[in-house]
Every structure is written in C-alpha cells, then in structure tokens.
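Written below as structure tokens is the structure these notes are about.
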Amino acid sequence: MVPPSQTLNLDIEAISGICGSISLACWIVVFSPQIIENFRRGSADGLSVRFIVVWAAGDVFNVLGAILQGVLPTMIILAIYYLLADIVLLGQCFYYRGFTWHDDPNPLPKPTIVTNVGEPSETSQLLRPHAERHSSISGSHLSPAVPLLDASSPAPANAKPTTRLQAVLFNLVAILMVCIAGIFGWWLSERSSSNHHPASHHDSGNGTPGVQFSLWGQIFGYLCAALYLGSRAPQLLLNYRRKSTEGISMLFFLFACIGNLTYVLSIFAYGAHCEGKHGECRSGEAAGLYGRYIAVNASWLAGSLGTLLLDLGIFVQFFFV
C-alpha cells in the first residue's frame with residue numbers, strides 16, 4: 053500500500069503519462085460528437101467522403117506501423133480504435149447519401165420551417181373567406197369566460213435556439229470533463245503500478261525500450277503521416293467551396309486538436325534510462341538516447357503535428373467562412 057503521506061511526484065515520466073492519458077481520453081470520444089451530429093441531422097453531407105476514406109487509409113498504415121515498430125501498447129490500441137470509428141463514419145456517409153465518392157460542393161439546404169396552421173405564408177391568403185372564418189367559431193366562444201381562440205391553432209413554441217455563448221460553454225465543459233477523466237485514469241494507473249512495484253516505475257538495467265528501428269514500421273509510419281496530412285485537404289476545400297461548416301461538429305475537431313497536442317507532448321516528455329549503475333548516464337548518453345527515441349517516433353510526431361495545424365485551420369473556418 054502507498055503511505056498516505058506520500059506526495060505526488062510529477063517528474064518527466066508523470067507529465068508524459070498525464071498527457072498520454074488525456075490524449076487517450078480525447079481520442080476515445082473524438083468521433084462521438086460527429087456520429088451524433090450525423091444521426092441528429094439524418095445526414096452526413098457536412099463531411100467529405102474523401103476526408104474519411106484517406107483518414108481510414110492512414111489508420112490502416114498506423115496500425116501496421118505501430119505493430120511492426122513495437123511502440124507503446126496504448127498507441128496500438130488507439131490505432132485500431134481509430135480504424136473502427138472510421139468505418140462507422142464511412143458507413144454513415146454511404147447510408148445517408150448513397151454509395152458515392154463525390155462531395156456535393158453546393159451549400160447544404162437550410163432546415164425547413166413549418167408554419168402553424170392558420171398562419172399566413174407567402175403562398176396563402178392573408179384573409180380567409182368570411183364564411184370559413186365564422187364556421188370555425190364554436191358556440192362555446194360566445195361565453196365571455198372563454199377566449200376567442202381557434203382550437204386548431206397550436207400553442208406557440210417556447211424553445212429558443214442555442215446561443216453562441218451556450219455552445220461555447222457546453223464545449224468547454226465537455227473538454228474539461230474529458231481532460232479530468234484522462235488525469236483520473238492516469239492516477240488510477242499510477243496507483244495500481246505503485247502497489248505492485250513500490251520501488252520504482254522502471255526496472256533498472258533493461259535499457260531504453262522502444263528505440264529500435266524497424267524498417268517496415270518506419271515506412272508504414274511515414275505513409276500514415278502523409279495520408280493523415282492529405283486527408284484534411286478535401287474537408288478544408290469542401291468547407292471553402294460551400295462557404296459553410298454546416299453539418300460538422302466543432303467538438304469533433306476540438307477533441308482532435310487536444311488529442312494531437314497532448315499526444316505530441318507525451319512523446320516529447322521522455323526521460324532516457326541509461327544502462328549505467330543506478331541508471332546513471334555518461335556524458336552525452338542521455339541526449340543520444342533522447343535523439344534516437346525522437347527519431348524512431350518522428351513519423352508519428354510529423355503526422356500529429358501536421359494534422360494539428362490543419363485541424364486548427366478547419367476550426368478557424370467555423371468562424372470565418
């Protein structure tokens with residue numbers, strides 16, 4: 053058991069673990085807002101089919117590269133989960149719009165406004181015929197205690213559209229809850245590992261895992277990064293042509309941005325473990341191990357940093373297109 057007086061040690065590995073857990077939490081829920089948005093609208097026209105297809109292809113190479121390179125198990129689990137979520141989104145696109153690879157550049161139609169019965173519209177008469185108006189009045193309306201109202205007219209709707217402030221607050225609360233869930237998950241993991249290995253989080257003398265190059269792993273990793281970078285172009289272009297981001301969930305790309313940012317930070321926050329006595333490093337050894345570690349993960353860093361910038365571009369389109 054961990055003594056109650058033991059303080060929380062936020063070293064470089066703890067920072068990496070916290071960032072990795074937040075990234076994991078973001079990527080677990082990242083697709084949910086868009087899937088719900090498509091279901092709510094009964095349409096997936098806001099998404100570019102090519103965006104999802106290229107992204108799914110990148111996830112295929114991500115799975116292969118992660119397995120061959122022997123990266124962290126969480127990275128492999130995430131890669132498989134991404135691929136499954138891509139299949140769900142792609143299935144929604146084909147279900148709602150039919151089996152087509154082409155994106156309609158025309159603006160999405162506005163929701164149809166249904167007028168109340170008895171209310172004049174652009175195609176109806178402003179005044180109904182005299183006989184029709186009097187025939188609709190029942191005898192009960194002759195009583196002074198009963199208001200003269202048409203029974204067929206529905207009550208006015210009290211629902212108000214969501215304001216910009218309400219949407220911002222909802223997004224902030226959702227992001228905060230996911231980040232807290234990620235931190236809590238890291239804390240549970242640390243507590244469990246401390247109970248089983250109270251002496252140290254790492255066994256000394258095992259070297260630095262995950263810094264061995266795999267040729268095919270690197271090839272698939274860079275193919276994955278290239279596809280990730282190319283996947284955003286169709287969505288950016290579709291939004292620009294339509295001059296609208298209608299049908300796209302802002303939370304979808306917010307979670308993607310935060311997930312990529314914390315993922316990159318979790319990789320950069322790496323503490324090298326040397327093979328010397330008590331894990332001590334010789335002069336320049338730690339820097340060499342860190343550089344090798346970054347080189348092995350360079351393709352995943354490039355893909356995450358690149359898509360982070362492009363996702364920020366899509367996020368900007370929410371306000372300026």
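Whatever position you read off the sequence shown (first residue = 1), add 52 for my numbering.
All C-beta atoms, glycine included, are put in the ideal place defined by N, C-alpha and C.
If W352 sits next to G269, beta carbons under 8 Å apart, how far is it from one beta carbon to the other, in whole angstroms?
Counted from its first residue, the sequence shown places residue 352 at position 300. Counted from its first residue, the sequence shown places residue 269 at position 217. Going by Cβ atoms, the distance from W352 to G269 rounds to 10 Å, so no, they are not a contact pair.
So, for G323: in the same chain, excluding its five sequence neighbours on each side, which residues have a beta-carbon less than 6 Å away from its beta-carbon?
The count along the sequence shown starts at 1 and reaches residue 323 at position 271. Correct list, in chain order: I64 and E65.
Exposed unless 16 or more other CB atoms sit within 10 angstroms - verdict on G143
As a first step, residue 143 must be located in the sequence shown, where it is residue number 91. By the neighbour-count rule (16 or more Cβ atoms within 10 Å), G143 is not buried but exposed.
When you compare only the Cα positions, how much space is there between L360 and F320?
Here residue 360 refers to the residue found at position 308 when the sequence shown is read from its first residue. Here residue 320 refers to the residue found at position 268 when the sequence shown is read from its first residue. Using only the alpha carbons, I get a separation of about 16 Å.
Are the stretch 294-307 and the stretch 277-286 in contact at 8 Å, needing three or more beta carbon pairs?
no
Where Y322 falls: helix, strand or coil (DSSP)
Within the sequence shown, numbered from 1, the residue matching residue 322 stands at position 270. If DSSP states are grouped into helix, strand and coil, Y322 belongs with coil.
Where does G355 sit, in a helix, a strand or coil, going by DSSP?
Walking along the sequence shown from the start, residue 355 turns up at place 303. Residue state, collapsed to three classes: helix.
In chain order, what residues of the same chain have a beta carbon less than 6 Å from the beta carbon of L130, not counting five sequence neighbours either side?
Residue mapping note: residue 130 aligns to position 78 of the sequence shown, counting from 1. Same-chain partners within the cutoff: W79.
Same chain, Cβ closer than 6 Å to A308, neighbours up to 5 away in sequence not counted
In the sequence shown, residue 308 corresponds to position 256, counting from 1. Same-chain partners within the cutoff: V82 and D363.
Would you call T314 buried or exposed, if buried means 16 or more other Cβ atoms sit within 10 Å of its Cβ?
Position 262 of the sequence shown, counting from 1, holds the residue named residue 314. With 16 or more other Cβ atoms within 10 Å, it is buried.
Which residues bound the alpha helix (DSSP H) around R284?
Mapped onto the sequence shown, residue 284 falls at position 232. Counting along the chain, the unbroken alpha helix (DSSP H) around R284 starts and ends at L267 to R294.
Can you grab the Cα-Cα spacing for the pair S73 / G340, in whole Å?
By 1-based counting over the sequence shown, the position of residue 73 is 21. By 1-based counting over the sequence shown, the position of residue 340 is 288. If I take the Cα positions, the gap works out to 27 Å.
So, at 6 Å on beta carbons, what are the nonlocal neighbours of Y134 in its own chain, with the 5 sequence-adjacent residues on each side left out?
Counting from 1 along the sequence shown, the entry for residue 134 is found at position 82. Cβ neighbours of Y134 beyond the five flanking positions: D111.
Secondary structure of E89, DSSP reduced to three states
For the purposes of this step, residue 89 is taken as residue 37 along the sequence shown, with counting starting at 1. Helix, per DSSP.
For G358 versus Y292, is the C-beta distance shorter than 8 Å?
Reading the sequence shown from its first residue, position 306 is the one you call residue 358. Reading the sequence shown from its first residue, position 240 is the one you call residue 292. Not in contact: G358 and Y292 (Cβ atoms no closer than 8 Å).
Hey, out of I310, F151 and H154, whose CA is closest to M229's CA?
In the sequence shown, residue 229 corresponds to position 177, counting from 1. The shortest C-alpha separation from M229 is found at I310.
Close Cβ partners of D138 (< 7 Å) along its chain, the five nearest in sequence each way excluded
Taking the first residue of the sequence shown as 1, we reach residue 138 at position 86. By the criterion of a C-beta distance shorter than 7 Å, D138 is surrounded in its chain by I104, W107, A108 and D111, once the five residues flanking it on both sides are discounted.
Rounded C-alpha distance that separates R92 from L303:
By one-based count along the sequence shown, residue 92 stands at place 40. By one-based count along the sequence shown, residue 303 stands at place 251. Within the model, the alpha-carbon separation for R92 versus L303 is close to 15 Å.
Which residue marks the beginning of the alpha helix (DSSP H) containing L116, and which one marks its end?
Counted from its first residue, the sequence shown places residue 116 at position 64. Residues V101 to Q121.
Alpha-carbon spacing of V348 relative to F265, whole angstroms
As a working mapping, residue 348 is identified with position 296 in the sequence shown. As a working mapping, residue 265 is identified with position 213 in the sequence shown. Between V348 and F265, the C-alpha separation is close to 6 Å.
Quick one: grab the DSSP three-state call for R344.
Translated into positions along the sequence shown, residue 344 becomes position 292. Looking at R344 - three-state DSSP - the assignment turns out to be helix.
Would you identify the three-state DSSP class for T314, choosing helix, strand or coil?
Start at 1 with the first residue of the sequence shown, and residue 314 comes out as number 262. In this structure, T314 counts as helix in the three-state DSSP scheme.
Residue span of the alpha helix (DSSP H) that contains E65, given as start and end
Numbered from its first residue, the sequence shown carries residue 65 at position 13. Counting along the chain, the alpha helix (DSSP H) containing E65 begins and ends at I64 to V81.
Please determine, among I271, S100 and I132, the residue with the shortest C-alpha to C-alpha distance to G117.
The count along the sequence shown starts at 1 and reaches residue 117 at position 65. Closest by alpha carbon: I271.
Helix, strand or coil for P157 per DSSP?
Here residue 157 refers to the residue found at position 105 of the sequence shown. The answer is coil: DSSP assigns P157 none of H, G, I, E or B.
Counting C-beta neighbours from all protein chains within 10 Å, is the total for V220 16 or more, i.e. buried, or is it exposed?
Position 168 of the sequence shown holds residue 220. V220 is exposed by the Cβ-count criterion.
Length of the line joining the Cα atoms of P157 and L290:
Looking up residue 157 in the sequence shown gives position 105. Looking up residue 290 in the sequence shown gives position 238. If I take the Cα positions, the gap works out to 6 Å.
Which class does A308 belong to by DSSP, given the choice of helix, strand or coil?
For the purposes of this step, residue 308 is taken as the residue at position 256 of the sequence shown. Helix.
At a cut-off of 7 Å, is G72 close to the ligand HEM when judged by its beta-carbon and the heavy atoms of the ligand?
Here there are no bound small molecules, and the ligand HEM is not part of this structure.
Once DSSP output is grouped into helix, strand and coil, what is the label at Q264?
Indexing the sequence shown from 1 puts residue 264 at position 212. The answer is coil: DSSP assigns Q264 none of H, G, I, E or B.
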